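Visitor:
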DNA sequence: TGTTCAAACCTGTATATACAAGTTGAGGTA
DNA sequence: TACCTCAACTTGTATATACAGGTTTGAACA
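Residue numbers (the working numbering), protein chains in the order written: chain H, 1 to 240; chain P, 1 to 240.
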C-alpha cells in the first residue's frame, strides 16, 4: 500500500494470519506498534480504526485490541457484487469459472423466465474467493434475451452481477435466505466440512416484467454473515 | 451526537437534505466548514472521510466534495413481529415464556448496549409456535432504561416486539443473519434434530442513540426462510 | 493569439501534543 | 479479610501544523 496507515493495516493483518493469532487474542497496543513500526500513534490509530470498521478486529478502551472472529458480512439492502464486498474489507477477490454453457434449463427455471420449454438459457457456476479462501459458490441462470453476450465475458475478471448491471437495469430483486446443509460436492468446492451449515441466498432479478437472472448463492456459515440495516422513514437520517 | 466529528457528519447530512442539495452538487470545502463550525480541519476531514465511506458524498482532490447519488434505504423492510408473520400465513401463534429475569448481562450483550459493565438488563427467553410447531426461539436482552415495565408483561399474549414498539419508537434496526448448528438444548426446544441447520437472526434495535434491545432469534432451517424484496435496484452504481 | 507557468484553491496524509474515559492491578487502610 | 484509592495502562477524540499532489484560473510571455 502506498500510504503509511495502509502499511500498518497490512502489517497487522499479516501478523494475524502468519503468526496465527486466534480469534479473541490480544493484539499489540497502539503504543507498542508505534515503537515497533516507527510511525505516529495517530497513524496507528487510523489503521486500527479502519480495521475495526472492516470487521477484522475489536477494540475496547482500557482493555486493548483483539482479533475478531473471521467472518464475512454481506448487506441484504444492497445489490453489490461479491468483489465490492471483499474490497470493503481489504480482501483480494479471485474467482474460477467451473461451468459455462448454454442449455435447456430445468422446468423451474424456464418457467420463471417465461420462455418456451425448448428455449435455452445461459448457465454458469463460479467459485468466488476472498484472499484465496472460498467464500461464495454461485450457480446462475441468465435469460438469453436480456443478456445475449453473457457467455462472452471472462468471469474471473468481472463478476456476473457487474456485467448484468452494465447491460440491463435491474429494477426489482427478491431474495430468499435459507440455512441449508451443503452437498458433498459443494462442501468440497467451498473447502468446508459437509456438516457445516451454509447460508443459501436465492436471488431473482427482474428487468421490467421479465426475469433476467436466477441465482443460487451458497456461503459457508462460518465465514459469511448477512447484515441488513433499516431506519424508519420520515425521521431525519441520523448520522451513523 | 456526542462527538464533534459526529456533529459535523450530522450537519452535512442535514444540509444535504434540508437545503435540497441535489446529487452531484458541490458541497462546502473543508476550510469553509472549519470557519463555519469552528472546529479543526482534521475533525472536518474525518467527518467527510466517513461520509465518503458510507456512500453519502464523493470527494476528489483538487476539486471538492459532492453529493453522491442516493443509495438504497431499506424500503420494503419492516420490523415485524413473529405473530404478524404467522398471521399472514394463516397460522395460529402461541408462545411459552421459558425465562424472565433481570441480571447483569454477559460481555457481548452489554457491549452491544454500550452500558457500564455493572448495569443490569432484562432477559427473556420465549419459544414461539405456529400451529403448535416450534418456529422461533427468542433470546432477548432489553435495556432497563428504555422499557422499565418489560418484565410485567405476559409474553404468551403479547410479543416482545409489540410491547417494545408500544413503549418506544424504534428508529433503527440492524439484522445479522447467520447459518448455525443449534445446541442440543436449542434443538430439543425447537423439536428438531441437532444436525438441522438453523437461521440465526441477531437483531439490534435503537431508539435514538441508545440500544433498546438485543435479540437472538433462532429458526429451524427446514421450517423457516427469510425473504426480502427490493425495487429500484442499482439505479446508481457507485462510480469508480 | 496561443502557450506556459505560477498562484490559489482543493483533498489526502503524517506528525506531535493533549485530554477524556474505561480497565486493571498494586498497595494501603479500616 | 474486605474495601478503597491511585497509578499505569488502554482506546477515543480534538487540535495545530506541515507537506504532498490534483485542479483550476489567470497573468505573464513568446
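Using N, Cα and C, we set each Cβ at its ideal position, and we do this for glycine too. Just so we're clear, the structure is a prediction, and the values are computed from it rather than from any experiment.
How about residue 126 (chain P): is its Cβ closer than 7 Å to a heavy atom in the ligand COA?
Guide: Among the components modelled here there is no ligand, and therefore nothing to report on the ligand COA.
Visitor: Taking Cβ-Cβ distances below 7 Å as the criterion, which residues of the stretch 189–202 of chain P are in contact with chain H?
Guide: Answer set for the stretch 189–202 of chain P: 195, 197, 198 and 199.
Visitor: What does residue 160 (chain P) touch in chain H if you count any residue whose Cβ is under 9 Å from its own?
Guide: Here residue 160 (chain P) is taken as the residue at index 160 of the second chain, counted from 1. Going along chain H, no residue has its Cβ under 9 Å from residue 160 (chain P), so there is no contact; the nearest lies around 18 Å.
Visitor: Just checking: is the beta-carbon of residue 221 (chain P) within a distance shorter than 8 Å of some beta-carbon in chain H?
Guide: Here residue 221 (chain P) is taken as the residue at index 221 of the second chain, counted from 1. Chain H, which has a Cβ nearer than 8 Å to the Cβ of residue 221 (chain P), makes this yes.
Visitor: Residue 56 (chain H) touches chain P at which residues, Cβ-Cβ below 7 Å?
Guide: On the first chain, residue 56 (chain H) is found 56 positions in, with the first residue counted as 1. Within chain P, no residue comes near residue 56 (chain H); the closest Cβ sits about 15 Å away, beyond 7 Å.
Visitor: Counting only Cβ-Cβ distances shorter than 9 Å, please list the residues of the stretch 168–179 of chain H near chain P, keeping chain order.
Guide: Per Cβ criterion, the list reads 169, 170, 171, 172, 173, 174, 175, 176, 177, 178 and 179.
Visitor: Assign residue 11 (chain P) to one of three DSSP states: helix, strand, or coil.
Guide: What you label residue 11 (chain P) is simply residue 11 of the second chain in a count that begins at 1. Of the three classes helix, strand and coil, the one that applies to residue 11 (chain P) here is helix, per DSSP.
Visitor: Would residue 227 (chain H) count as contacting chain P if we go by Cβ distances under 8 Å?
Guide: As a working note, residue 227 (chain H) is residue 227 in the first chain. Taking Cβ atoms only, chain P reaches closer than 8 Å to residue 227 (chain H), which makes this a yes.
Visitor: On the DSSP bridge list, what partners appear for residue 65 (chain P)?
Guide: In the second chain, residue 65 (chain P) corresponds to position 65, counting from 1. P:27 and P:59, per the DSSP bridge assignment.
Visitor: CA-CA distance, residue 23 (chain P) and residue 14 (chain P)?
Guide: What you label residue 23 (chain P) is simply residue 23 of the second chain in a count that begins at 1. What you label residue 14 (chain P) is simply residue 14 of the second chain in a count that begins at 1. Going from the Cα of residue 23 (chain P) to the Cα of residue 14 (chain P) covers about 14 Å.
Visitor: Using a beta-carbon distance below 8 Å, is residue 4 (chain P) in contact with chain H?
Guide: To locate residue 4 (chain P), count along the second chain from 1; it is residue 4. No, its Cβ sits nowhere closer than 8 Å to a Cβ of chain H.
Visitor: In three-state DSSP terms, what is residue 93 (chain P)?
Guide: Here residue 93 (chain P) refers to the residue found at position 93 of the second chain. Strand at residue 93 (chain P).
Visitor: Three-state secondary structure (DSSP) at residue 180 (chain P)?
Guide: Here residue 180 (chain P) corresponds to residue number 180 of the second chain, with the count starting at 1. The answer is strand: DSSP assigns residue 180 (chain P) an E or B state.
Visitor: Which residues in chain P sit within 7 Å of residue 181 (chain H), going by Cβ to Cβ distance?
Guide: Position 181 of the first chain holds residue 181 (chain H). Within chain P, the residues near residue 181 (chain H) are 197.
Visitor: Cα-Cα, which of P:199, P:51, P:126 and P:63 is closest to residue 29 (chain P)?
Guide: As a working note, residue 29 (chain P) is residue 29 in the second chain. Answer by Cα proximity: P:63.
Visitor: At the 8 Å Cβ level, is residue 15 (chain P) part of the contact set with chain H, yes or no?
Guide: Working through the second chain from its first residue, we reach residue 15 (chain P) at position 15. Chain H, which has no Cβ nearer than 8 Å to the Cβ of residue 15 (chain P), makes this no.
Visitor: What residues are listed by DSSP as bridge partners for residue 122 (chain H)?
Guide: Mapped onto the first chain, residue 122 (chain H) falls at position 122. For residue 122 (chain H), which the question treats as bridged, DSSP gives the partners H:102 and H:142.
Visitor: Quick check on DSSP: helix, strand or coil for residue 318 (chain H)?
Guide: Not covered by the structure: residue 318 (chain H). The range shown for chain H is 1 to 240.
Visitor: Classify residue 140 (chain P): buried if its beta carbon has 16 or more other beta carbons within 10 angstroms, exposed otherwise.
Guide: Residue mapping note: residue 140 (chain P) aligns to position 140 of the second chain, counting from 1. Flag for residue 140 (chain P) reads buried.
Visitor: Buried or exposed for residue 33 (chain H), please, with buried defined as at least 16 other CB atoms from any protein chain shown within 10 angstroms of its CB.
Guide: Residue mapping note: residue 33 (chain H) aligns to position 33 of the first chain, counting from 1. Its Cβ being crowded by 16 or more others within 10 Å, residue 33 (chain H) is buried.
Visitor: So, with DSSP's three-state summary, where would you put residue 155 (chain H)?
Guide: The sequence position of residue 155 (chain H) within the first chain is 155, counting from 1. In this structure, residue 155 (chain H) counts as coil in the three-state DSSP scheme.
Visitor: For a test of the three-state rule: what should DSSP assign to residue 3 (chain H), helix, strand or coil?
Guide: Taking the first residue of the first chain as 1, we reach residue 3 (chain H) at position 3. Looking at residue 3 (chain H) - three-state DSSP - the assignment turns out to be coil, as it is neither helix nor strand.
Visitor: Would you mind reading off the limits of the alpha helix (DSSP H) that contains residue 200 (chain H)?
Guide: Against the first chain, residue 200 (chain H) aligns to sequence position 200. Counting along the chain, residue 200 (chain H) falls outside any alpha helix (DSSP H), though it belongs to the beta strand (DSSP E) covering 198–207.
Visitor: So is residue 27 (chain P) buried or exposed if we call it buried at 16+ other beta carbons inside 10 Å?
Guide: Position 27 of the second chain holds residue 27 (chain P). Flag for residue 27 (chain P) reads buried.
Visitor: What is the DSSP secondary structure of residue 163 (chain P), counted as helix, strand or coil?
Guide: Position 163 of the second chain, counted from the start, is the residue given in the question as residue 163 (chain P). Helix at residue 163 (chain P).
Visitor: Helix, strand or coil, according to DSSP, for residue 173 (chain H) in the structure here?
Guide: Your numbering for residue 173 (chain H) matches position 173 in the first chain. DSSP places residue 173 (chain H) in strand when its eight states are reduced to three.
Visitor: Could you have a look at residue 212 (chain P) and say whether DSSP puts it in helix, strand or coil?
Guide: As a working note, residue 212 (chain P) is residue 212 in the second chain. Strand.
Visitor: Please list the terminal residues of the continuous alpha helix (DSSP H) segment that includes residue 168 (chain P).
Guide: Here residue 168 (chain P) is taken as the residue at index 168 of the second chain, counted from 1. That residue, residue 168 (chain P), is in no alpha helix (DSSP H); it is neither H nor E in DSSP.
Visitor: Would a C-beta distance cut-off of 8 Å place residue 142 (chain H) and residue 122 (chain H) closer than the cut-off?
Guide: The residue you call residue 142 (chain H) lines up with position 142 of the first chain. The residue you call residue 122 (chain H) lines up with position 122 of the first chain. The answer is yes: Cβ separation under 8 Å.
Visitor: Based on Cα-Cα distance, which residue from H:208, H:191 and H:210 lies nearest to residue 218 (chain H)?
Guide: Position 218 of the first chain, counted from the first residue, corresponds to residue 218 (chain H). The shortest Cα separation from residue 218 (chain H) among H:208, H:191 and H:210 belongs to H:191.
Visitor: Can you give me the Cβ contacts of residue 179 (chain P) inside the same chain, cut-off strictly under 8 Å, excluding the 5 residues immediately before and after it?
Guide: Translated into the one-based positions of the second chain, residue 179 (chain P) becomes position 179. Excluding residues within five positions, the ones whose Cβ falls inside 8 Å are 197, 198, 199, 200 and 221.
Visitor: How close, in whole Å, do the beta carbons of residue 173 (chain H) and residue 207 (chain H) come, if the pair is a contact with beta carbons under 8 Å?
Guide: In the first chain, the residue the question calls residue 173 (chain H) occupies position 173. In the first chain, the residue the question calls residue 207 (chain H) occupies position 207. The Cβ separation is near 10 Å, so there is no contact.
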